[in-house]
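Below: one structure, written as structure tokens.
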Amino acid sequence: MATSYTVLSRKQQLVLLPETINAVGIPFESLILLATVVAVLMAVSAQVVIRLTMRQTQRLPARMSGFAAARKVLDDAGLEDVAIEQVPGSLSDHYEPLHRVLRLSGPVYHGRSLAAVGTAAHEAGHALQHAAGDFRVRILGLAGIAASFGSGAGIILMILGVGFRPLIWLGACVFCGAVFFQIANLPGELNASRRAKQRLLELDIVADEDLRAVLHIINAATLTYLAVTLQTILTSLVGMLRYMSRRA
Numbered sequence: 061m062a063t064s065y066t067v068l069s070r071k072q073q074l075v076l077l078p079e080t081i082n083a084v085g086i087p088f089e090s091l092i093l094l095a096t097v098v099a100v101l102m103a104v105s106a107q108v109v110i111r112l113t114m115r116q117t118q119r120l121p122a123r124m125s126g127f128a129a130a131r132k133v134l135d136d137a138g139l140e141d142v143a144i145e146q147v148p149g150s151l152s153d154h155y156e157p158l159h160r161v162l163r164l165s166g167p168v169y170h171g172r173s174l175a176a177v178g179t180a181a182h183e184a185g186h187a188l189q190h191a192a193g194d195f196r197v198r199i200l201g202l203a204g205i206a207a208s209f210g211s212g213a214g215i216i217l218m219i220l221g222v223g224f225r226p227l228i229w230l231g232a233c234v235f236c237g238a239v240f241f242q243i244a245n246l247p248g249e250l251n252a253s254r255r256a257k258q259r260l261l262e263l264d265i266v267a268d269e270d271l272r273a274v275l276h277i278i279n280a281a282t283l284t285y286l287a288v289t290l291q292t293i294l295t296s297l298v299g300m301l302r303y304m305s306r307r308a
């Protein structure tokens, strides 16, 4: 007995996308809402964790300010030419490899707490990576560009591409490239944390009994970076599916 097959057009296959996702019996729009809520909760939770950790470690006094700790780490490594500047905002601390500048927020620059010292030492760790010729510093610069431009540009292209599929895929490619550099930067963040821990002990910037508290703030910052990256991925993939299903 011959078996007959029905060949679906490309448009008919795309129309089935929501039904495929709904195989578990949950409406497609509900899945989008659930994924969006999860993404937002991840981002908010990450911020709450680091702010609580900062608040706890800010109460613990340090031997010097964040600026002094970073300056000591840099000078000991022969990086006297790396400048340290104060920048506005909170949690805005970063190292800029292009200009060889360490930028610290006010609470970290002036703060004489373990939180300030830990954050400053972590960012100084990126400068040590740069001086050692670590390729991950290049990824750090690309990740910064990706975070500020790539993911947003990708989403805009996907939205504008409704009705013009090549533009949707271009936006998806731009976004995926941005996410790739953000994920690729994670090992560099972990390496900077290890360098910071080593220097803090070798230079006697923090006492042995205070090292655990300092590591909490360093680890919280790294986990926050990971959580925000995952949140960006989840939110954007949901958006891409939503617009593509509408196009169908």
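If you use our numbering, the sequence shown corresponds to residues 61 to 308, in order. Each residue gets a CB set at the ideal place from its N, CA and C atoms; glycine is no exception.
DSSP three-state label for residue i, please.
i	result
P121	strand
R115	helix
E156	strand
S105	helix
L139	coil
L162	strand
L151	coil
G210	Residue confidence for G210 is low, a pLDDT of 48 falling below 50, so the modelled location carries little weight; the figure read from the coordinates is stated next. Looking at G210 - three-state DSSP - the assignment turns out to be helix.
The beta strand (DSSP E) that contains residue i, what's its start and end?
i	result
E145	143–147
Got a sec, what are the start and stop residues for the alpha helix (DSSP H) residue i sits in?
i	result
R131	126–136
L188	174–191
Whose C-beta lies closer than 7 Å to the C-beta of residue i among residues of the same chain, with five residues either side of it excluded?
i	result
H182	A252, S253, A256, I278, A281
H276	T113, T117
G149	S165
R172	P121, A122, M124, S125
L139	A187, A191
Looking only at its own chain, which residues have a Cβ that is under 8 Å from the Cβ of residue i, when we skip the five neighbours before and after it?
i	result
V161	V142, A143, I144, E145, Y155
L250	T282
L271	K257, L260, L261
H190	Y155, P157, R160, V197
S152	R163, S165
Keeping to the same chain, check which residues put their C-beta closer than 6 Å to that of residue i; ignore five residues upstream and five downstream.
i	result
V266	L260, V274
A129	V177, A180, A181, I265
Which ranges does the alpha helix (DSSP H) cover as unbroken runs of at least 4 residues, wholly within the segment 231–273, from first to last along the chain? 246–262
Spell out a yes or no on whether the segment 116–125 and the segment 163–179 are touching, meaning 3 or more CB-CB pairs, one atom from each, closer than 8 Å. yes
Below 8 Å, can you find three or more Cβ-Cβ pairs linking the segment 242–251 to the segment 159–170? no
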